[in-house]
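The sequence shown begins at 1015 in my numbering and counts up one residue at a time. Idealized CB from N, CA, C, for every residue including glycine. Bear in mind the structure is a predicted one, so any value in this text is a computation, not a measurement.
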Amino acid sequence: MIAIYWDNGVVVRANNFEIMLDPVIKTNKNSSIFISHAHRDHIYGLLNEYCLKYTTPQTIAIGEVLINKKIKNVLPCSYGERIEIQNLELQLINSGHVFGSASLIIRNKDVTLLYTGDFNFTKSLIQEAISPVECDIMIVEATYGKPGIVFPPREEVYVDIISWTAKIINNGFLPILLVYPLGKAQEITKLFNKFSSIPVVTHSRISKINEVIRSFGEDLIFYDLSEDGKELIESKDCVVLFPYNYNVDKLRAKYPNSKIGVITGWAAIYKNIKNTDISFPLSSHSDYPQLINFISKCNPKKVFTIHGYAKELAKSLRKIGIDAKSII
């Protein structure tokens, strides 16, 4: 018997074992905790010093940079590694979302549960796509789970980003791109490294994460904004990456001869995001067709949807004969 409910995060209970999946607040519960990746809205579980935590070595390393202290009582789990506890088996697999991100498989006798966390069913320059898992129960994120949300082919967006950047430089302006410090920043750094000769300058928040990821063997070439990047910025012969939530008005005041773009999956839905000059619809999540395709390939008997368009996705799944409901 597996019980699933919401308590500031998904809670799964089986065989006298309880685990919280990506708690959304700092929790004092005595459950074990699974952290799927190191985005700031997912690392509250790392702040609990007393509960045993399961996550990848990459997420631990990035998390320690983000919270600026050593994480205690955490078990680093490699992709594919199987952990036996209370007659259950836990296994982490690549979720395709960002560097070090993981989905969690829980096996209990004849029942297999898959918790996707944030995931991507499309390969990027940094991440392999998630692989389908035959399961009985699925807990799936529904960030873009609304019919009609479709991302353009990734390669087309890559071309658009490089073409726009080159045009801005040729016109004598400084191109600035707003990106998420974990995920999009590494993908865009790799994009310019691999397919252009344009140097990449990064804000310190991005540089710190890039350094951690480089320590795991990922080849990223970049220049920190406060160090080597100053001369490049003065020449305007580079692209500068700032964190997504950086104030656009402050950027325009500091760099008046700049053009600013933003890179986010929400650009597939909304226009004029953050009052920038251009937006590029590139996401580390799956779009609606990818969600439906992935869930179908996993062939679950029961689906719980969470976050984003959870109710809309559950409704769509019921229309194609899959037992599904939103958990929140």
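Endpoints, the alpha helix (DSSP H) within which residue i is located
i, result
"TRP1178", "1168 to 1184"
"GLU1155", "Unbroken run through GLU1155 is the beta strand (DSSP E), 1151 to 1155; no alpha helix (DSSP H)."
"TYR1302", "1302 to 1312"
"LYS1329", "1324 to 1333"
Straight-line gap, residue i to residue j (C-alpha atoms, nearest Å)
i, j, result
"ASN1207", "ILE1292", "22 Å"
"LEU1104", "ASP1036", "15 Å"
"THR1179", "VAL1079", "30 Å"
"ASP1233", "SER1221", "13 Å"
"TYR1258", "PRO1303", "26 Å"
"MET1152", "ASN1261", "38 Å"
"THR1290", "ASP1263", "10 Å"
"VAL1154", "SER1300", "11 Å"
"SER1145", "LEU1128", "12 Å"
"LYS1329", "LYS1086", "41 Å"
Limits of the beta strand (DSSP E) - the one that residue i falls within
i, result
"THR1319", "1316 to 1320"
"VAL1112", "Careful: VAL1112 lies outside any beta strand (DSSP E) and carries neither H nor E."
"ARG1054", "It is not in any beta strand (DSSP E) - ARG1054 carries neither H nor E in the DSSP assignment."
"PHE1031", "1031 to 1035"
"VAL1098", "Here the sequence assigns Glu to residue 1098, which means Val is not the residue at that position. Where GLU1098 is concerned, the enclosing beta strand (DSSP E) stretches over 1096 to 1099."
Residues that residue i bridges to, as DSSP identifies them
i, result
"TYR1019", "VAL1025"
"THR1216", "ASP1238 and LEU1255"
"VAL1193", "PRO1257"
Short Cβ contact (9 Å threshold) for residue i with residue j
i, j, result
"LEU1192", "ILE1277", "yes"
"ILE1162", "THR1136", "It should be noted that the sequence gives Gly, not Ile, for residue 1162. Cβ distance not < 9 Å, so GLY1162 and THR1136 don't count as in contact."
"SER1272", "LEU1188", "yes"
"SER1210", "ILE1176", "yes"
"ASN1185", "SER1297", "no"
Cβ neighbours of residue i in the same chain (closer than 7 Å, five flanking residues each side left out)
i, result
"THR1073", "ILE1049, HIS1051, ALA1052 and GLY1114"
Neighbourhood of residue i by C-beta distance below 6 Å, restricted to the same chain and skipping five residues each side
i, result
"TYR1058", "PRO1037, ILE1039 and LYS1040"
"TYR1323", "ALA1156, GLY1159 and LYS1160"
"CYS1252", "PRO1213, VAL1215 and LEU1246"
"ILE1341", "TRP1020, PHE1318 and ILE1320"
"PHE1236", "THR1203, VAL1214, THR1216 and ASN1224"
"LEU1331", "VAL1317 and ALA1338"
Cβ shell of residue i (< 8 Å), same chain only, five flanking positions each side left out
i, result
"ASN1313", "GLU1148 and CYS1149"
"GLN1100", "ALA1028, ASN1029, ASN1030 and PHE1031"
"LEU1205", "LEU1139, TYR1172, ILE1175 and ILE1176"
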